[in-house]
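Report on the following structure.
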Amino acid sequence: MRGAPGEPRWTPADRWHLTLLFLGSVPARLVAPLVEAAGPAVATAPAMTLRLAGGGRFGSRRRPQVAWVGLDGDVGPLTDLAERLAAVARRLRLEVEERPYRPHLTVGRWRPGRPADAALTDRLAGYAGPRWPVREVLLLESHLGPTPRYDPVATWPVGG
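Set out below in structure tokens:
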């Protein structure tokens, strides 16, 4: 799909990650309690295997915003884990989005005011990639700007 008219700005593969919970700004005084409380929530997650499958977009057909690839496999346990992590954040009084968790991998973003082909991700309808085991969950601090990066704050193994 690269080079197609109306393509999004593609996310470099080295920045791909599956977001379980987005928290925005977390006060420094709550980072240690968050790490401590998230550990047991991850520890109860079973071993999981996932694969990329299908695709879609967030935003309207006229104004698409995010191009994504969907997930297949142990999506139920992944969603349960995301819900447990959201509950941890709420107990710490951190702001959590109220919309349901939709597992996906963001692969691109359309720029406002630029030509956009919202149907581009329809080409992924029959796609099913290789399966992979989920080995860990990371708490990442994101740094936005011209060269965004993610710094690990904590890591927990998945599936025992």
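Going from the sequence shown to the working numbering is simple: count from 1 and add 435. For each residue, glycine too, the CB sits at the ideal point set by N, CA and C. The model shown is predicted, which means the values in this text are computed figures rather than measured ones.
If you count every other CB in all the chains shown that lies within 10 Å of the CB of TRP545, and 16 or more means buried, which is it?
-> Here residue 545 refers to the residue found at position 110 of the sequence shown. Counting of Cβ neighbours within 10 angstroms places TRP545 among the buried residues, the total reaching 16 or more.
Express the C-alpha separation of TRP445 and GLY580 in angstroms, rounding to a whole number.
-> Numbered from its first residue, the sequence shown carries residue 580 at position 145. Numbered from its first residue, the sequence shown carries residue 445 at position 10. Counting only the Cα atoms, TRP445 lies some 16 angstroms from GLY580.
Proximity of LEU540 and TRP451 at Cβ, strictly below 7 angstroms | Here residue 540 refers to the residue found at position 105 when the sequence shown is read from its first residue. Here residue 451 refers to the residue found at position 16 when the sequence shown is read from its first residue. Against a cut-off of 7 angstroms, the Cβ pair of TRP451 and LEU540 comes out as a contact.
Let me know the secondary structure DSSP gives ALA448 once reduced to three states.
-> By 1-based counting over the sequence shown, the position of residue 448 is 13. In the three-state reduction of the DSSP assignment, ALA448 falls in the helix class, which pools H, G and I.
So what's ALA551 in DSSP terms, helix, strand or just coil?
-> The count along the sequence shown starts at 1 and reaches residue 551 at position 116. It is coil, neither helix nor strand.
Could you give the uninterrupted runs of the beta strand (DSSP E) lying entirely in the segment 457-538, keeping only those of 3 residues or more?
-> For the segment 457-538, whole beta strand (DSSP E) runs of length 3 or above, ordered along the chain, are 483-494, 499-508.
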